[in-house]
């Protein structure tokens with residue numbers, strides 16, 4: 019039984035700061051990507067604007083989708099059919115990744131579906147599809163979440179997503195989904211003893227997954243001592259640290275990075291933060307993460323003031339996906355955790371990630387409009 023009464027949304031008012039920060043970060047990504055990729059794009063594709071053009075298309079589509087989601091009645095996602103559609107379609111797409119001719123493999127990982135010039139990364143959809151399903155299920159089963167049997171549907175659906183992503187392989191996104199799943203169960207009211215029963219084995223499984231794959235062991239060794247293999251597994255982390263160190267307090271200046279000249283791999287995607295740090299320095303990175311943290315705080319505020327339990331869980335899940343992914347990327351780039359491929363949301367090159375993240379922020383704004391209406395009713 020849902021103890022939070024649903025309120026009609028006021029579509030004219032909401033937390034506009036969510037949209038401003040989202041669009042601001044997405045627009046900044048165009049500048050950052052041009053700086054990080056211009057040289058490589060020119061030498062490899064003959065067009066310095068190659069990655070920027072692709073990101074620009076993603077930005078335009080993301081803006082349209084975000085505005086649509088701002089006016090969308092997100093409560094429709096709570097319906098049993100809608101929640102299953104949101105979950106099952108991404109799971110099917112994750113399975114299609116392994117179909118010969120559809121799945122695209124890069125650097126030993128099959129993570130994309132490619133049709134002609136169009137590519138899609140299903141794991142980006144799967145993260146939010148799971149959040150929608152888990153939010154709807156827990157909102158409809160508040161009492162059952164206090165029992166271990168009651169949390170099994172969330173664990174099973176989240177586990178299926180994690181298994182399909184880990185065999186791509188993509189351990190970083192798997193960890194992101196697992197952390198979001200555990201966090202949502204916690205905020206959803208799971209008992210602490212049940213949480214620990216799940217959390218402890220999950221943490222013990224991490225070293226097992228690392229040992230199971232030789233390339234993960236190599237990355238772990240490179241993380242412990244990257245200078246042991248400066249031209250091998252440790253190369254990328256060393257170049258990232260060089261970039262951040264070269265930036266100092268105020269950076270070398272916009273467009274003046276040295277590491278982007280083929281020294282740092284994936285400079286426009288997973289390691290774009292290194293180039294930003296080199297060009298804008300510690301102060302620039304501090305400001306950037308100040309904006310990111312502000313966006314997370316707006317998500318927390320929206321969840322805290324949500325008019326019903328489903329809205330609370332959905333806002334929490336969206337905020338968790340963005341916050342966890344941003345944190346993991348920052349830790350990887352700074353050498354605080356072993357290197358792993360995970361983009362910086364709203365900043366890194368990649369249309370699927372950009373469009374889906376902007377859409378999720380549109381839903382978050384829509385939830386905030388319900389929050390505004392609730393405040394008026396209380397007053």
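Numbering (the numbering used here), first residue to last: 19 to 397. Ideal Cβ positions, reconstructed from N, Cα and C, are used throughout, including at glycine.
Residue 355 sits in coil when the DSSP states are folded into three classes, being neither helix nor strand. Put simply, the stretch 312-321 does not touch the stretch 286-294. Fewer than three CB pairs are less than 8 Å apart. For residue 200, the uninterrupted alpha helix (DSSP H) segment begins and ends at 189-205. Going by DSSP, residue 98 is part of the alpha helix (DSSP H) stretching over 98-114. With a threshold of 16 other beta carbon atoms within 10 Å, residue 40 meets it and is buried. As the crow flies, the alpha-carbon of residue 151 is around 18 Å from that of residue 191. Burial check for residue 251: the Cβ neighbour count within 10 Å reaches 16 or more, so the residue is buried. At the C-beta level, residue 308 and residue 153 stay beyond 8 Å of one another. Taking residue 284 as reference, the option from 49, 54, 33 and 45 with the minimal CA-CA separation is 54. A direct Cα-Cα distance of roughly 28 Å separates residue 168 from residue 140.
Residue 322 carries a helical assignment under DSSP once its states are collapsed to helix, strand and coil. Residue 255 and residue 50 have their C-alpha atoms some 20 Å from each other. A Cβ-Cβ distance of about 5 Å is found for the pair residue 373 and residue 76, placing them in contact under the 8 Å criterion. Listed as beta-bridge partners of residue 121 by DSSP are 131.
In this structure, residue 349 and residue 194 do not form a Cβ contact; the two beta carbons are roughly 12 Å apart against a cut-off of 8 Å. Nearest neighbour of residue 304 by Cα position, chosen from 106, 330 and 266, turns out to be 266. Under the 10 Å beta carbon count, residue 94 is surrounded by fewer than 16 other beta carbons and is classified as exposed. Under the 8 Å Cβ criterion, the stretch 63-73 does not count as touching the stretch 321-332, having fewer than three qualifying pairs. Between residue 142 and residue 370, the gap from beta carbon to beta carbon is short of 8 Å.
In this structure residue 288 is buried. Its beta-carbon is surrounded by 16 or more other beta-carbon atoms within 10 angstroms. Counting along the chain, the unbroken beta strand (DSSP E) around residue 137 starts and ends at 136-138. Taken atom to atom, the span from the alpha-carbon of residue 156 to that of residue 144 is near 18 Å. For residue 247, no alpha helix (DSSP H) run applies, since DSSP gives it neither H nor E.
A straight-line Cα-Cα distance of about 21 Å links residue 381 and residue 172. Residue 213 places its beta carbon 8 Å or farther from that of residue 176.
Across the structure, residue 301 and residue 313 are spaced so that their CA atoms are roughly 19 Å apart. The beta carbon of residue 92 lies closer than 8 Å to those of 329, 332, 381, 384 and 385 in the same chain, with the five residues before and after it left out. By the C-beta density criterion, residue 221 is exposed, having fewer than 16 other C-beta atoms within 10 angstroms.
Closest by C-alpha distance to residue 68, out of 78, 324 and 56, is 56. Separation of residue 123 and residue 298 (C-alpha to C-alpha, rounded to the nearest whole angstrom) is 34 Å.
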